[in-house]
Amino acid sequence: MTDSPPSRRLRHGRASLAISFFVQGAVFALLVTRIPALQDRYGVSDGLLPVFLAAVPILAGVGSVGTEHLVKRMRPGLVLRVVQPIVSLALLAAGSGTAVWQLASALAVFGLTVGALDASMNMLGVSLQRAYGRSIMLGFHAAYSLGGIAGASLAWAGAHWDLSLTTLYAPLVATLVPAALIASRWYLDDRSIPRTGPSPAAEAGGAAVSMRVLLPLCLVMAFAYIGDSTVSNWSAKYLEDVLHSSEQLATVPYNVYMVTTLLGRSFGDLGVRRFGAAAVVRAGALLAGGGFAVVAAAPGAWAGMAGFTLLGLGLCVLVPQTFAAAGRLFPGASDAAVARLNIFNYVGFLIGSPLVGALGGLWNYRAAMLVPMVLVLVTIRYARSFSPVPAGYGDGHERPRTVDVG
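The sequence shown begins at 0 in numbering that gives the first Met the number 0 and counts up by one.
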């Protein structure tokens with residue numbers, strides 16, 4: 000059957016959600032790339048800094064759990080509309096205070112609301128992909144990657160021109176918050192998407208989420224973020240200390256990783272439509288595993304950067320497709336499934352960097368890179384969880400073999 004074109008309302012919903020993903024990518028990058036400046040501003044010691052950094056993902060997990068219950072009473076789109084400005088304002092508050100308690104308060108608010116934001120954004124993405132009847136989830140995460148590149152670039156400019164955090168953050172927040180609020184007028188979710196047949200919840204009889212069924216996807220999510228946090232936290236140190244690159248060259252791998260992540264996600268939906276989600280996940284895991292192997296065996300800096308390039312192309316498909324698969328497995332409870340799955344985003348982030356750091360210190364960093372390699376390759380075992388099921392979604396134009404419907 001020939002696919003019917005999406006309605007204007009669906010197209011507007013897709014564009015508005017992409018804006019939300021972009022804004023969040025930029026805000027998060029503006030926080031994490033300026034951690035040293037925040038540390039200097041508040042005089043946070045090296046011993047206390049890890050406590051602050053660990054508190055954010057822990058509180059984000061709490062926010063994600065809370066969102067599962069919150070969306071039973073209000074639409075995910077309304078949750079996103081409320082929390083996204085709060086996240087941006089928490090960023091500004093973190094860059095504007097003078098006392099440590101003010102930083103702690105701002106990061107606590109940031110953590111709680113960013114968990115709700117990540118969960119609600121992906122809930123809307125899963126709903127829209129179901130309505131479209133074809134893979135579009137990678138495109139949303141491509142917008143997030145683009146926002147991350149923009150935010151990191153602005154942070155670099157702020158550091159280069161020696162701008163205070165308030166001077167850097169204030170005009171950006173003043174721009175991003177209104178943009179997100181305007182875009183939020185067109186958010187769509189399962190309860191607001193027009194349907195010609197029964198809703199997913201009605202079809203599934205209000206099915207509950209089985210953690211036994213969801214567990215493989217939870218592991219994939221955690222493994223993907225262990226790999227991602229390894230790159231973000233250790234790529235520069237690895238190139239400089241292990242591969243003996245210059246300090247300037249050591250900053251390149253993460254930028255390359257972000258660009259290849261954007262490219263992979265920009266074209267990934269086409270791959271899912273052509274070959275199916277399971278095949279794309281297997282290919283992504285193989286590429287990421289190969290990237291870690293190249294990094295571990297690299298004789299020099301340029302070979303190491305080639306490995307990080309492969310990592311970006313491989314890891315970038317795993318997280319969006321994991322959210323999509325959760326929505327597909329639980330069409331009658333996709334919001335709850337996404338909220339629970341989102342917790343393992345933060346589990347992987349919390350485990351990844353300390354794990355590689357501990358192994359690198361006790362053993363060596365080349366060997367430490369083999370641990371995330373093995374974990375990412377384990378994803379291949381769970382690829383069957385990403386395979387489409389025969390049942391159709393959306394308006395009935397599902398192609399069971401080649402279309403991922405999230």
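Ideal Cβ placement from N, Cα and C applies to all residues, glycine included.
This one's a predicted model, so the numbers in the text were calculated from it and none came from an experiment.
Margin query: Measuring only the C-alpha atoms, how far is A207 from L213?
Written below: If you take the alpha carbons of A207 and L213, they lie about 11 Å apart.
Item checked: Where R72 falls: helix, strand or coil (DSSP) -> Correct three-state label for R72: coil.
Note to self: Which runs of the alpha helix (DSSP H) at least 4 residues long sit entirely within the stretch 307–334? Give them in chain order.
What the structure shows: For secondary structure counted as the alpha helix (DSSP H) over 4 or more consecutive residues, the stretch 307–334 holds these complete runs in sequence order: 317–328.
Checklist line | Sub-9 Å separation of L248 and A284 beta-carbons | finding: Not closer than 9 Å, so no.
Margin query: Quick check on the burial criterion: 16 or more other C-beta atoms within 10 angstroms. Buried or exposed for S15?
Written below: Counting of Cβ neighbours within 10 angstroms places S15 among the buried residues, the total reaching 16 or more.
Check: What do you get for A201, buried or exposed, if any count of 16 or more other CB atoms within 10 angstroms of its CB means buried?
Finding: Any answer about A201 is weak, because its pLDDT of 43 lies below 50 and its placement is not dependable; what the coordinates show is given next. So A201 ends up on the exposed side.
Next item on the list: Assign E246 to one of three DSSP states: helix, strand, or coil.
Entry: Residue state for E246 is assigned as coil, using DSSP reduced to three classes.
Checklist line | Close-in-space but distant-in-sequence residues of the same chain around S191 (CB under 8 Å, 5 per side omitted) | finding: Correct list, in chain order: R74, G76.
Note to self: Assuming contact is defined by CB atoms lying nearer than 9 Å, are A93 and L164 in contact in what I supplied?
What the structure shows: Note that the C-beta distance between A93 and L164 is below 9 Å.
Note to self: Quick check on I192: does DSSP put it in helix, strand or coil?
What the structure shows: Reduced to three states, the DSSP call for I192 is coil.
Checklist line | the stretch 349–362 / the stretch 299–313 touching (three or more Cβ pairs under 8 Å) | finding: Contact annotation: the stretch 349–362 does not touch the stretch 299–313, with fewer than three C-beta pairs closer than 8 Å.
Next item on the list: Please classify T32: does DSSP put it in a helix, a strand, or coil?
Entry: Of the three classes helix, strand and coil, the one that applies to T32 here is coil, per DSSP.
Next item on the list: Confirm, please, whether the CB-CB distance from A89 to G96 is below 9 Å.
Entry: Going by C-beta atoms, G96 is not nearer than 9 Å to A89.
Check: Would you call the stretch 9–23 and the stretch 141–161 touching, i.e. three or more CB-CB distances under 8 Å?
Finding: The stretch 9–23 is in contact with the stretch 141–161.
Checklist line | Alpha-carbon to alpha-carbon, Y381 and L374 | finding: Straight-line Cα distance between these residues: approximately 12 Å.
Next item on the list: Report the three-state DSSP secondary structure of N363 (helix, strand or coil).
Entry: N363: coil per DSSP, three-state reduction.
Checklist line | Residue of M136, W155, L9 minimising C-alpha distance to T321 | finding: Closest by alpha carbon: M136.
Note to self: Once DSSP output is grouped into helix, strand and coil, what is the label at V125?
What the structure shows: DSSP places V125 in helix when its eight states are reduced to three.
Check: Smallest Cα separation from R383: which of G263, G303, V251, V219?
Finding: Residue V219 is the option with its Cα nearest to R383.
Check: Can you tell me whether S3 is buried or exposed, with buried defined as 16 or more other CB within 10 angstroms of its CB?
Finding: Residue environment: S3 is assigned as exposed (fewer than 16 neighbouring CB atoms within 10 Å of its CB, all protein chains considered).
Next item on the list: Could you check which residue in A223, L127, S231, F307 has the C-alpha nearest to that of D189?
Entry: Nearest C-alpha to D189: L127.
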